[in-house]
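Working notes, beginning with the structure itself.
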Amino acid sequence: MFDGNADSTAGADANVARLCALYDGLLERSDATISTEAETELKALAKIFDLDADRPAAELWPYVRAVLVRQAPAETPAAAPTVEPLTVLLVEDDAEAAAALTEALDAAGHRVVGPFHSAEAAEAATALHPIDVALLDINLSGEATGADLARSLKARWGVPVIFLSGDVSAAAANAELAAAMVIKPYTGRDVLDAIARLEPRR
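Heads up: the sequence shown at position 25 corresponds to 17 in the working numbering, and the numbers run straight through without jumps.
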């Protein structure tokens, strides 16, 4: 398992705590109300976690909460689902997390392009390599964010994106750009499972 650095873990915890404080009233009373902005964010999170976003907020939150609070799950000996080897663009500015994830992807038979710590370097590489799926941190070094890169990859090449981030608010705000999100801290197995759930492009 790899957790990234302490700062990203603390940031993820703060994000989850904020969301729980905002929505946990829905667990106590199904008729509790939330703002339109809060409901929009909740439905965006449901979409990026592959949940039915058409449900009422009170029904949706328990499922979204279950995904959010499952921080740093223990590794299990069971193997990840077998999928056809893919060419995976990896953009992660935490060097330790990037190295561990590269190792997990290699072991699963995928070809890794990267890892890159900036969107600019990653975008230049996509002009040279056909990419099947992009794994993108949202907050990167450099001027462009992972969301900026996701927008470009989708518009230019139709590449499906999985966000790797503890910034669930930023992910929700850009949910339309990603097929899925894996919350930091994550394991290699978490990421491989998310890749396996993607609909094949070829």
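Even for Gly, the Cβ is constructed at its ideal location relative to N, Cα and C.
Predicted model only: the values in this text are computed from it and were never measured.
In DSSP terms, what residue i is bridged to
i	result
A126	L81, V153
V195	Look at the range of the chain in this structure, -7 to 194, and you will see that residue 195 is not part of it.
R110	As written in the sequence, residue 110 is Ser, which differs from the Arg given in the question. Answer is S133.
A172	I154
Minimum C-alpha distance to residue i - residue among the options
i	options	result
L11	R189, L184, A163	A163
L190	F41, A9, L82, L145	F41
Y9	D85, D140, L141, S161	Residue identity differs from the one stated: residue 9 is Ala in this sequence, not Tyr. Of the candidates D85, D140, L141, S161, the one whose C-alpha sits nearest the C-alpha of A9 is S161.
K146	D5, Y15, A170	A170
D98	D16, P77, A50, A89	P77
A89	Y178, A186, D185	Y178
T28	E84, A142, A49	A49
N7	E33, L19, D44, R21	E33
L141	W53, I175, N166	N166
Assumed close pair residue i, residue j - CB separation to whole angstroms, cut-off 8 Å
i	j	result
V183	L93	6 Å
P152	V125	5 Å
I123	L81	5 Å
V56	T79	V56 to T79, Cβ: 31 Å. No contact.
D85	S133	5 Å
Contact with chain D by residue i, beta-carbon distance below 7 Å
i	result
A188	No chain D appears in the structure shown, which is made up of a single protein chain.
heavy atom of the ligand NAD below 6 Å from residue i C-beta
i	result
L18	For the ligand NAD, the structure offers nothing, since it holds no ligand at all.
Under 8 Å, with one C-beta from each stretch per pair, do the segment 54 to 62 and the segment 22 to 42 reach the 3-pair mark? At 8 Å Cβ cutoff, the stretches touch.
Could you tell me whether the segment 113 to 120 touches the segment 152 to 165, where touching means 3 or more Cβ pairs closer than 8 Å? Per the Cβ contact rule, the segment 113 to 120 is not in contact with the segment 152 to 165 (fewer than 3 Cβ pairs under 8 Å).
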